[in-house]
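A quick write-up on the structure given underneath.
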Amino acid sequence: MPNIRLIARLDVKGPNLIKSIRLEGVRVIGDPGEHARAYYQQGADELLYVDAVASLYQRNSLKEIVRRTSEDVFVPMTVAGGIRRVADVEELLRAGADKVAINTAAVRRPALITEVARRFGSQCMVLSIEAKSTGAGHWKAHMDSGREPTGLEVLEWARRAVDLGAGEILLTSVDREGTGSGFDCELVRHVASSVSVPVIASGGMGSLAHLREVVETGKADAVAFAGVLHYNRLSLEQIRTCALDAGLCVRTHAA
Amino acid sequence: MVDYGMGNVASVMRALRACGAAPTLTSAPEQVASASRLILPGVGAFADGMEELRRRGLIDPIHAFARTSRPFLGICLGMQMMLATGEEFGVVAGLGLITGNVHAIQGPRKIPHVGWNRISPSSTATNWQGTILEGIGSDNAVYFVHSYAASPELPSDVLAECDYDGYRFVSVIRSGNLYGCQFHPEKSGPVGLCILGNFLKAGGP
Chain G
0 MPNIRLIARL
10 DVKGPNLIKS
20 IRLEGVRVIG
30 DPGEHARAYY
40 QQGADELLYV
50 DAVASLYQRN
60 SLKEIVRRTS
70 EDVFVPMTVA
80 GGIRRVADVE
90 ELLRAGADKV
100 AINTAAVRRP
110 ALITEVARRF
120 GSQCMVLSIE
130 AKSTGAGHWK
140 AHMDSGREPT
150 GLEVLEWARR
160 AVDLGAGEIL
170 LTSVDREGTG
180 SGFDCELVRH
190 VASSVSVPVI
200 ASGGMGSLAH
210 LREVVETGKA
220 DAVAFAGVLH
230 YNRLSLEQIR
240 TCALDAGLCV
250 RTHAA
Chain W
0 MVDYGMGNVA
10 SVMRALRACG
20 AAPTLTSAPE
30 QVASASRLIL
40 PGVGAFADGM
50 EELRRRGLID
60 PIHAFARTSR
70 PFLGICLGMQ
80 MMLATGEEFG
90 VVAGLGLITG
100 NVHAIQGPRK
110 IPHVGWNRIS
120 PSSTATNWQG
130 TILEGIGSDN
140 AVYFVHSYAA
150 SPELPSDVLA
160 ECDYDGYRFV
170 SVIRSGNLYG
180 CQFHPEKSGP
190 VGLCILGNFL
200 KAGGP
C-alpha cells in the first residue's frame, strides 16, 4: 500500500497564521513562516498554505510568505486562495510553490483547470472542494471559503474536474473543519473511492483515532490537519509514530 | 542549471545553495556547454520540454556537455528527457543520452504517483558506494510526483528502482557521468539534500 501523506495545513489571513471553525470565526495563532519551518523540521510530508480571505478580496497575499518559507523548507508546498489566472499560478510557482489548489475560480470558469494543467502539468493543479453535507450521502460544493453555495454535487464536480485535468483533490469538510470531532469519512470515501487521482482529506482531525479512521474507512490518500499542530495537541512525530504502530503506511522520517 | 522555462528552478537553486553550492541559472548555450556540472530540472510534459530546449538552442550544448566526463543530473522531466523517446502526447524524440523510452504508468489505483516512497537498489547496482545515492538507506523516502516513468534498455543504466502500489519502475539512472532521478531531491527534505550534496561532490566516471 502506498504511503499516506501527512500534510500540515496553514491558513493565513494577511501576515498571520490563523485558525477558524467551520472556516469562520478566526483566531490568530502566530507567524506562518515560523510554524511552517517547525512543521518541516518535525517531518511534515508537505505543507499546505491557504489564504483564507483571498477569494473574498480577490487577491492572494501568500507570495512573499511562500518565497521566504521556501528558503529553508525542502518539502512540497501547495498554495490555495484567490488564484484566478494562469499568471497567478506562474507567480506562486516562481515564489517556491509546487502546486496550487483552486476552488472559486475553477467553479466560475472550469476551463481554468485545463489551462493550468496544460501549462504546468496535472500534478500542479489541485482542485479544492469545500463540502457541506445536505443530508445522508449527499454533499454540495461551496466557494469563497465555504460561504457561497455553488449548487454543484461534490462527486460530480470532482469527476468533471479530473476529466478537465485536475491531478489531485483537496477535500475539506466545512462541517468538520476546526471542530476536532473527526473527519467526514463518508464524504472522503464517497470521493476517494470514485476518482482516479489522489484525495487529500481535510477538516476534523482531533485525535490519532481520527487519522486511522479517515485512512482505513475513508480511503484518503493524504491527510491535512492544522489545529492539532497549532494548539500543540499532537506533534507530527507522535502522529507519525502512532500511524506506524497502527499499521498505516507513512514514511519514516529521517531527522 | 539549465533554465528552459519548465519547472521549479527556484526550489532547486535554493536546495543547491543549502548544500553550499553557488549555482548559476542559464539558458545561454555556451554556458551550458562549458559548465563544470550541469543540472537539467523540469516539471511538465515531455514534448513541451523538448520543444523549449530546441527553441533555445540547448540540445547540442547539452550533448556537448554530456560527452565530457563532467557530472550531469536530470531531475524528473529532466531525467525523462535523457532517454531516447517519450510517449506523452505521441512519440517524441528525447535527448537520447540513455537508450530506452518513457511510458505512462499503468496499473496503480491512483495516478499520478504523488508522495514519499523508498528507493531500492536495482539488480545490477547492489552497491551505491561512490554514486549520488551513497549514504542513502533502505528506510529513506524521497518525494515523487509523476505519471510517466523511464525504461532504460540497458539494465546497467539502472541504479535504483521504486515500487508504487505494486508497480515497479526506475527511480535513478546512471551511465558514467550521467545521472537522472525521477523523484525531486530538492523537495525530499534532508535525504534529498544529501543526494544533491553527493552530486556536487561527484567526480567523473
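Just so you know, the protein sequences line up as chains G and W, in that order. Each residue of the first sequence is one higher than the one before, counting from 0 in numbering that gives the first Met the number 0. Each residue of the second sequence is one higher than the one before, counting from 0 in numbering that gives the first Met the number 0. Ideal Cβ placement from N, Cα and C applies to all residues, glycine included. Remember, it's a predicted structure, so these values are computed and weren't measured experimentally.
ask   = Which residues share a DSSP beta bridge with Val99 of chain G?
value = G:Val78 and G:Met124
inquiry  = How far does the beta strand (DSSP E) with Ser174 of chain W in it extend, from its first residue to its last?
reply    = Tyr166 to Ser174
message = If you reduce the DSSP assignment to three classes, tell me which class Lys200 of chain W lands in.
response = helix
query = Within the 7 Å Cβ cut-off, does Ala140 of chain W reach chain G?
reply = yes
query = Is Ile238 of chain G helix, strand or coil by DSSP?
reply = helix
At least 3 beta-carbon pairs within less than 8 Å: the region 72 to 80 of chain G vs the region 186 to 199 of chain W = yes
key: Three-state secondary structure assigned by DSSP to Ile3 of chain G   = coil
Reference Thr240 of chain G, options G:Ala79, G:Pro148 and G:Gln41, closest by Cα = G:Gln41
key: Interface positions of the region 142 to 172 of chain W facing chain G (Cβ-Cβ less than 8 Å), listed along the chain   = Tyr142, Val144, His145, Ser146, Tyr163 and Asp164
inquiry  = Going by beta-carbon coordinates alone, are Ile38 of chain W and Met0 of chain W separated by less than 7 Å?
reply    = yes
request  = Could you please tell me which residues of the region 6 to 26 of chain W, in chain order, have their CB closer than 8 Å to any CB of chain G?
outcome  = Asn7, Ala9, Ser10, Arg13, Ala14 and Ala17
ask   = Just the Cα atoms here: how many angstroms apart are Asp143 of chain G and Arg158 of chain G?
value = 21 Å
key: Separation of Ala103 of chain W from Gly89 of chain W, as counted between CA atoms   = 11 Å
ask   = Can you name the start and end residues of the alpha helix (DSSP H) that Ala63 of chain W belongs to?
value = Ile58 to Arg66
ask   = Where DSSP assigns a beta bridge to Asn15 of chain G, which residues make up the other side?
value = G:Lys12
message = To be precise: take each residue of the region 226 to 253 of chain G, compare its Cβ to all Cβ atoms of chain W, and keep it if any distance is under 9 Å. Which residues remain?
response = Val249, Arg250, Thr251, His252 and Ala253
message = If contacts are defined as beta-carbon pairs under 8 Å, then Asn2 of chain G and Ala140 of chain W qualify, I think. What distance do you get, rounded to the angstrom?
response = 7 Å
Coarse secondary structure for Val31 of chain W, derived from DSSP in three states = helix
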